[in-house]
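Participant: In the numbering used here, the protein residues as written are 308 to 423. After the structure tokens below, expect a handful of questions from me.
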DNA sequence: TACGTGACCGATA
DNA sequence: CTATCGGCCACGT
């Protein structure tokens, strides 16, 4: 697995329960602001990863559950989020801004995530 | 080997 | 305001 993917998974694992972030935010944090699609691709394999990667806490920048179909069922992702206290209406996270977790601000650069 | 595709994003027209 | 377009890069034909 490439370093980029490893870092993506590591960041996603740091997302606190009940918070969410976006593909773009993760891409920016990893130093490739325009590689958000790679983050999405990484999520494609996320379910094979060990330890567990809470991919349901990653949505697009509008708070839209675009990747819900990859969770094995159309409602799985939404249920996971709601079980953590996040409300979802019409595949859209309610008060997205309020639950948003920005790794750029919350996660310090350290030996795990070297600053580029 | 080459080309199309994708759980995206930001800048234009 | 909506619509479209390029960029990013790993993977499967």
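Positions of the beta carbon are idealized from the N, C-alpha and C atoms, including for glycine.
1) Thinking just about the alpha-carbon of each residue, which of 336, 311, 388, 344 is nearest to the one in residue 412?
2) Could you tell me the boundaries of the alpha helix (DSSP H) in which residue 357 lies?
3) Nearest-angstrom Cα distance between residue 395 and residue 340?
4) Are the beta-carbon atoms of residue 332 and residue 421 separated by less than 8 Å?
5) For residue 320, count the other beta carbons within 10 Å of its own beta carbon; 16 or more makes it buried, fewer makes it exposed. Which is it?
6) Spatial neighbours of residue 342 within its chain, please: CB distance less than 7 Å, with the 5 preceding and 5 following residues excluded, ordered by chain position.
7) Could you tell me if residue 369 is buried or exposed, where buried requires 16 or more neighbouring beta carbons within 10 angstroms of its beta carbon?
8) Going by DSSP, what residues sit across from residue 321 in a beta bridge?
9) Taking contact to mean at least 3 C-beta pairs separated by less than 8 Å, is the segment 346-359 in contact with the segment 380-391?
10) Between the C-alpha atoms of residue 346 and residue 414, what's the straight-line distance to the nearest angstrom?
11) Put residue 315 into one of helix, strand or coil per three-state DSSP.
Facilitator: Judging by the given coordinates:
1) Taking the first residue of the first chain as position 1, residue 412 is located at position 105. Closest option to residue 412, Cα to Cα, is 336.
2) As a working mapping, residue 357 is identified with position 50 in the first chain. No alpha helix (DSSP H) holds residue 357; DSSP gives it neither H nor E.
3) Locating residue 395 in the first chain gives position 88, where the first residue counts as 1. Locating residue 340 in the first chain gives position 33, where the first residue counts as 1. Approximately 27 Å between the Cα atoms of the pair.
4) Locating residue 332 in the first chain gives position 25, counting from the first residue. Locating residue 421 in the first chain gives position 114, counting from the first residue. Result no, Cβ atoms of residue 332 and residue 421 do not sit closer than 8 Å.
5) For the purposes of this step, residue 320 is identified with residue 13 of the first chain, where counting begins at 1. So residue 320 counts as exposed.
6) The count along the first chain starts at 1 and reaches residue 342 at position 35. Contacts found: 334.
7) Counting from one through the first chain, the residue named residue 369 turns up at place 62. Flag for residue 369 reads exposed.
8) Here the question's residue 321 lines up with position 14 in the first chain. Looking at the DSSP assignment, residue 321 forms no beta bridge with any residue, so it has no partner.
9) Not touching, per the Cβ criterion.
10) Residue numbering aside, residue 346 sits at position 39 when the first chain is read from its first letter. Residue numbering aside, residue 414 sits at position 107 when the first chain is read from its first letter. Roughly 17 Å separates the two Cα atoms.
11) Locating residue 315 in the first chain gives position 8, where the first residue counts as 1. Of the three classes helix, strand and coil, the one that applies to residue 315 here is helix, per DSSP.
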